[in-house]
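Down below is the structure, laid out as structure tokens.
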Amino acid sequence: MHNKAERLQRAKPPVAESPPELAHRLPPGQIWTERFPILHEGEVPNYDMAAWSFRLFGEVGEELVLSYEDLMALPQTEIQVDIHCVTRWSKADTTWKGVRVRDLLERLNVDPEALHVMVHADPDYETNLPLRDLLGDQVLLAHTYDGRPLTAKHGGPLRLVVPHLYFWKSAKWVRGFEFMKRDRPGFWERNGFHNVAEPFREQRFSEDGHMPEDEWKNFEFD
Ligand SMILES: Nc1nc2c(c(=O)[nH]1)N[C@H]1C(S)=C(S)[C@@H](COP(=O)(O)O)O[C@H]1N2
Ligand SMILES: [Mo]
1 MHNKAERLQR
11 AKPPVAESPP
21 ELAHRLPPGQ
31 IWTERFPILH
41 EGEVPNYDMA
51 AWSFRLFGEV
61 GEELVLSYED
71 LMALPQTEIQ
81 VDIHCVTRWS
91 KADTTWKGVR
101 VRDLLERLNV
111 DPEALHVMVH
121 ADPDYETNLP
131 LRDLLGDQVL
141 LAHTYDGRPL
151 TAKHGGPLRL
161 VVPHLYFWKS
171 AKWVRGFEFM
181 KRDRPGFWER
191 NGFHNVAEPF
201 REQRFSEDGH
211 MPEDEWKNFE
221 FD
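Mapping of the sequence shown onto the UniProt record's numbering: residues 1 to 222, in sequence order.
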């Protein structure tokens, strides 16, 4: 198992503290933070946006390659959602703007048997999801956070936001979706973390075991 998963599994859960009005929105074993931790593997990428593209490929009638301008020309959606990281922080009422993934996928002929998606992102990151998890109202390809352009450290120019799953599924620096007939595990899913990752079911690890720490306190914030 990847040592991040092992470390998290060994650590003691925090004592949950929550304003009572938010308590029902806090998944088990999580704590609220006002700050916005920055977590990723590798270096923050630097792009030439003229060369940047987003690619929809795999089991699709015709592959689609979109420029940043193409994406910005699609209908734009704003959401306000809670987000939950497997390292135990949750953040309430975050606001994002971007293209709803469902609105984008309507423009594509996905093979009806392709029920799985691999999300491809830089630098060398991937995470897998069932297609249906990408079709929710609140699943965005986001370029704006809290009314401002998404910073590079938080995944700008474009990141996926899948608020109903642990945040490692929300790939930063996202570059494409690959439609697949068979599921395949992504980076963290191969390294000790749960394939499905629903916070309210506490699907943290791929094996039984107990619970994370507040290791995010050691990371950078803004
Ligand atoms: N491309 C990429 N996306 C990624 C990651 C990564 O390492 N690379 N880490 C994931 C993890 S584990 C988390 S918790 C969130 C963190 O997002 P944030 O830094 O904006 O809080 O990004 C996710 N998306
Ligand atoms: Mo994470």
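We put the beta carbon where it would ideally sit given N, CA and C, even for glycine.
| Check | Outcome |
| --- | --- |
| Whole-angstrom C-beta distance between Lys91 and Phe36, which should lie under 8 Å | 6 Å |
| Ser170 CB to nearest heavy atom of ligand 1 below 7 Å | yes |
| Under 8 Å between C-beta atoms of Ala114 and Trp173 | no |
| The segment 176–187 / the segment 45–59 touching (three or more Cβ pairs under 8 Å) | yes |
| Simplified DSSP state of Asn109, which is helix, strand or coil | coil |
| Boundaries (first-last residue) of the beta strand (DSSP E) holding Gln80 | 77–84 |
| Contact check, Gly29 vs Glu126, beta carbons under 8 Å | no |
| Closer than 7 Å: Leu39 CB and nearest ligand 2 heavy atom | yes |
| Spatial distance of Gly209 from Gln203 (CA atoms) | Only weak support is given to the placement of Gly209: the predicted model assigns it a pLDDT of 43, under 50, and the value that follows is read from those uncertain coordinates. Cα-Cα distance, rounded: 10 Å. |
| Trp32 to Ala171 span [Cα, whole Å] | 21 Å |
| heavy atom of ligand 1 below 7 Å from Phe186 C-beta | Residue identity check: residue 186 is Gly in the sequence provided, not Phe. No. |
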